[in-house]
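Each remark here refers to the structure printed beneath this line.
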Amino acid sequence: MSQTPDKSEIRGPRGGAAPGGGAARRICVFCGSRFGRLQQYRDQATAVGAAIARRGFGVVYGGGHVGLMGTVADAALAEGGEVIGVIPHALDSREVSHTGLSELHLVDTMFDRKKLMAELSAGYVVLPGGIGTLDELFEAMTNSQLGFDPKPIGLLNDHGYYDDLVRFLDRLTQEEFLAPEHRALLWVEDDPEELVARVVAAIG
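Each residue of the sequence shown is one higher than the last, beginning at 33 in this note's numbering.
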């Protein structure tokens, strides 16, 4: 397992290193700390968490028990999967951390959070979310585009939630601000099972 950032703290009911096959057998999930307006967002988050665990992969995510983050974690745990959370101390102190995870890493900053989530996983699945989710998505795409951290990135376009974003990325390509091969780094699916299967297959 990659080294955690300085001044990090690790909690876990199992103690020591989390079970599983290391970063090569984990998928990082980016998603909202809110549930969103529609029940379908929760249903799709449940499907993603369960699908990852059923394929023998662990989940790495933002460590919260709230919103879609908590939904993904609970679904993976219910299937017997490994779930590792990464959360800044400031958010942990607000009592939003999930207390039933395989392992919870507490870090100092949001930068440390994203860095460690990347180190602990071999691919990404992105669900509906807000500004934080978009920040995580674009950082993952940038790192992959530049060759710093090339990993499969799958976007769940749940009932058209990301239609406008996908069109915008296509416009960037059309206007030659984004190379076609870099646009192709983001895979878009509307079915959670198909998206997870595609990312898992790419990880190998």
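Virtual Cβ for every residue (Gly too), placed ideally from N, Cα, C.
- Note on Phe170: under 16 other CB atoms within 10 angstroms of its CB, so exposed under the neighbour-count rule.
- With contacts defined as CB atoms closer than 8 Å, Leu187 and Arg58 fail to qualify as a contacting pair.
- Judged by beta-carbon spacing, Gly64 lies within the 8 Å limit of Gly161, meaning their Cβ atoms are closer than that value.
- If you ignore the 5 residues before and after Arg66, its C-beta comes within less than 6 Å of the C-beta of Gly99, all in its own chain and listed in chain order.
- Linking Leu217 to Gln72 through their CA atoms gives a straight-line distance of about 26 Å.
- In this structure, Ala56 sits near Ala154, with a CB-CB distance shorter than 8 Å.
- When DSSP states are grouped into helix, strand and coil, Gly90 belongs to the strand group.
- In terms of CA proximity to Gly81, Glu114 leads the group Gly132, Glu114 and Pro212.
- Three or more beta-carbon pairs separated by less than 8 Å are not found between the segment 116–136 and the segment 175–193, which leaves the two stretches without contact.
- Rounded to the nearest angstrom, the gap between the Cα atoms of Glu111 and Ile163 is 29 Å.
- Ranking Gly94, His214, Val220 and Arg69 by CA distance to the CA of Asp196 puts Val220 first.
- Bounds of the beta strand (DSSP E) holding Arg58 are Arg58 to Phe62.
- Looking only at Gly68, Ile42, Glu41 and Val61, the smallest Cα-Cα distance to Tyr193 is reached by Gly68.
- If you draw a straight line from the Cα of His191 to the Cα of Ala233, it is about 24 Å long.
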